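> In our numbering, the protein residues as written are 90 to 183.
Before anything else, here's the structure in question.
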């Protein structure tokens with residue numbers, strides 16, 4: 090049995106998205122949050138818990154990085170591009 094003090098509280102992807110949305114200081118970054126979280130959610134099944142947390146830390150760092158200023162064009166890329174379904178990684182030779 091796992092010690093509750095060693096566990097993180099459960100958090101839904103939608104709740105996590107809301108947290109990152111609050112971190113984003115510009116409207117452009119706020120629009121990116123949904124796409125970044127969705128991409129991470131889709132890949133989470135293929136990653137270790139530590140790798141998922143690392144990806145989330147990267148998103149937080151990007152949202153808080155004052156030198157990262159995506160253009161409106163980058164943030165407004167087509168929905169088809171941003172929401173394409175993820176496929177599992179392929180082994181070499183498959």
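Glycine included, each C-beta is placed from N, C-alpha and C at the ideal position.
Bear in mind the structure is a predicted one, so any value in this text is a computation, not a measurement.
I need the straight-line Cα distance from residue 133 to residue 141, nearest angstrom please.
Translated into the one-based positions of the chain shown, residue 133 becomes position 44. Translated into the one-based positions of the chain shown, residue 141 becomes position 52. Taking the straight line from one Cα to the other gives about 6 Å.
> Starting from residue 138 and walking both ways along the alpha helix (DSSP H), at which residues does that stretch end?
Numbered from its first residue, the chain shown carries residue 138 at position 49. That run of the alpha helix (DSSP H) goes 138 to 153.
> If you follow the alpha helix (DSSP H) that residue 104 is part of, which residue opens it and which one closes it?
Against the chain shown, residue 104 aligns to sequence position 15. 102 to 112 is the span of the alpha helix (DSSP H), which, as asked, contains residue 104.
> For residue 93, which of helix, strand or coil comes out of DSSP?
As a working note, residue 93 is residue 4 in the chain shown. Residue state, collapsed to three classes: helix.
> I need the straight-line Cα distance from residue 103 to residue 124, nearest angstrom please.
Within the chain shown, numbered from 1, the residue matching residue 103 stands at position 14. Within the chain shown, numbered from 1, the residue matching residue 124 stands at position 35. Roughly 12 Å between the two C-alpha positions.
> State the DSSP-derived secondary structure class of residue 135, mapped to helix, strand or coil.
Residue mapping note: residue 135 aligns to position 46 of the chain shown, counting from 1. Here residue 135 sits in helix by DSSP.
> Counting only the same chain and skipping the five closest in sequence on each side, list residues whose C-beta sits under 7 Å from that of residue 153.
Walking along the chain shown from the start, residue 153 turns up at place 64. Around residue 153: 112.
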